[in-house]
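S.K.:
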Amino acid sequence: MEKMNGVAIVGATGFVGSEITLKFQKMGVPLYLCSKNGGKIHGIKCDSIDVTKSQAVNDWISEKKLDALIYLSSIIPKSFENADWKLFDDNLKMHKSIFEVWKEKKFHLIYASTCSIYSPITPIPWSEMTVIMPKNLYSFSKFVGELLFYMEFQTNKLPLTIMRINAPYGVNNRIKTVTNIFMEHALAGEELLLHGKGIREQDFLYVKDVARAFWLAYQKQKLGIYNIASGKTVTMRELAELTISLTCSKSRIVYSGSEDPQEKVKVSIDVSKAQKELGFTPEFSLPDGLLDCICEYQKLAADRLR
Numbered sequence: 009m010e011k012m013n014g015v016a017i018v019g020a021t022g023f024v025g026s027e028i029t030l031k032f033q034k035m036g037v038p039l040y041l042c043s044k045n046g047g048k049i050h051g052i053k054c055d056s057i058d059v060t061k062s063q064a065v066n067d068w069i070s071e072k073k074l075d076a077l078i079y080l081s082s083i084i085p086k087s088f089e090n091a092d093w094k095l096f097d098d099n100l101k102m103h104k105s106i107f108e109v110w111k112e113k114k115f116h117l118i119y120a121s122t123c124s125i126y127s128p129i130t131p132i133p134w135s136e137m138t139v140i141m142p143k144n145l146y147s148f149s150k151f152v153g154e155l156l157f158y159m160e161f162q163t164n165k166l167p168l169t170i171m172r173i174n175a176p177y178g179v180n181n182r183i184k185t186v187t188n189i190f191m192e193h194a195l196a197g198e199e200l201l202l203h204g205k206g207i208r209e210q211d212f213l214y215v216k217d218v219a220r221a222f223w224l225a226y227q228k229q230k231l232g233i234y235n236i237a238s239g240k241t242v243t244m245r246e247l248a249e250l251t252i253s254l255t256c257s258k259s260r261i262v263y264s265g266s267e268d269p270q271e272k273v274k275v276s277i278d279v280s281k282a283q284k285e286l287g288f289t290p291e292f293s294l295p296d297g298l299l300d301c302i303c304e305y306q307k308l309a310a311d312r313l314r
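Going by this note's numbering, the sequence shown opens with residue 9, and the numbers climb by one from there.
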C-alpha cells in the first residue's frame, strides 16, 4: 500500500522516541508527536497529551490521517523491583486509549514491547514463540498490551507489529543504565563497580539501531511479533573492560563484595525472524555503539566548558 499520510509517535520525547522521531524526520515522513509534557523535539512541535485519558488521545487523533501510529509511551520504573500496581494500572489505561483509536482509525499500530517479558527460567534462546512468564509488574503490563492488541489483530485483522526491544542504550537515556554508568565513570577516571563475579549477561542494542528497526517495520508493513536485539551477549566484566579500552581510561574495575542475584541468568535472544522478515541486522556492533556514545559524551563535556 502506498503511504500518503503521516505517522503519529506517542511518547516522542522519551529516550527511544526521540531517536525514532529523528529517523523518521530524516526519511521525510510527516510526523505528529505527543508526550505527557509536550514541547519540541528535533524542531518539531510535540503536543502535551495524557495517554492514560482515552478522550484526550481520541481528540488528538480525530482529525489526523495516519498510515501508522508508533506507541512508545509507558511508565518505566527505575528498576523492575520498583514497579507497583499504580504503574501497572496507568500502563493499562494507556493501552486502552490506544486500542480504542486504533479500532476506529485502523492505522498500522507499531507497539514497543520488551524482551523482559521472557523469563530467566525458560530455555534459551528466547524466540517469539517462547512461553511468556513476566517476573515484575512493568513487564507484565507490557505483555498485557501485547495480548490486548493481538486479540484485535487476530479477530478483525487490524494491522499490528509488536517490537520486543531488549536493553537499548545511548547517551540520552533518562534512566542511567550500566552502559551509561560505566562510560561516565571511565571518562572521569573513576572506578567501575561490579557485583558478584561480574558474569551477569546482557544483550545490548544501540538506540540508533532500535530506531532503524521501527523504520523497517513501518516501511515494509510487516505484521506480527519481532525480537529487536543484537543477538549477542556480553558479561558485565567484559562490558567494563571494553569501556575502559574504548575510553583509554585509567579506571580500575573493582568488586563490591555483594552478590549479584541475577549472576547465573543466561541471556540468548533469537533475532532470526527480524533478520529474515524485516531485514534487520544491527549496523552498530557493541564497540561501535559505545564508541559513538563516548564521542557524544566528550562533545557534551566540551560544550559545557565553552
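We treat Cβ as the ideally placed atom computed from N, Cα and C, and that holds for glycine.
Quantities reported herein were computed from a predicted structural model and do not represent experimental measurements.
Going straight from the alpha carbon of GLU89 to that of LEU95, what length do you get?
M.R.: Cα-Cα distance, rounded: 12 Å.
S.K.: Buried or exposed: where does LEU213 fall if 16 or more other Cβ atoms within 10 Å of its Cβ makes it buried?
M.R.: Buried, since its Cβ has 16 or more Cβ neighbours within 10 Å.
S.K.: Using only alpha-carbon positions, find the residue among TRP110, ALA16, LEU195 and LYS258 that is nearest to ALA310.
M.R.: ALA310 has its Cα closest to that of LEU195, out of TRP110, ALA16, LEU195 and LYS258.
S.K.: Any chance the region 15-22 sits against the region 77-84, with 3 or more Cβ pairs inside 8 Å?
M.R.: The region 15-22, when compared against the region 77-84, does touch it at the 8 Å Cβ threshold.
S.K.: Of the residues THR255, LEU168, PHE288 and PHE115, which one's Cα is nearest the Cα of CYS301?
M.R.: Here the closest residue by C-alpha is THR255.
S.K.: Is LEU155 buried or exposed, if buried means 16 or more other CB atoms sit within 10 Å of its CB?
M.R.: Exposed: under 16 other Cβ atoms inside 10 Å.
S.K.: Label GLU27 either buried or exposed according to how many other C-beta atoms from any shown protein chain fall within 10 Å of its C-beta, with 16 as the threshold for buried.
M.R.: Counting Cβ neighbours within 10 Å, GLU27 comes out buried, since at least 16 surround it.
S.K.: Mind the definition here: the region 100-108 touches the region 38-46 only if three or more C-beta pairs lie below 8 Å; say whether that holds.
M.R.: No contact exists between the region 100-108 and the region 38-46.
S.K.: Please state the DSSP three-state secondary structure of MET9.
M.R.: Low confidence applies to MET9: its pLDDT is 47, below 50, so where it sits in the model is not reliable enough to give any reading.
S.K.: Do three or more CB pairs link the region 235-247 to the region 163-181 at distances below 8 Å?
M.R.: The region 235-247 vs the region 163-181: in contact.
S.K.: Can you tell me the Cα-Cα spacing of GLY206 and PHE190, whole angstroms?
M.R.: For GLY206 and PHE190, the distance between alpha carbons rounds to 13 Å.
S.K.: Looking only at C-alpha atoms, which of MET35, PHE151, PHE23 and ALA20 sits nearest to TYR226?
M.R.: The shortest C-alpha separation from TYR226 is found at MET35.
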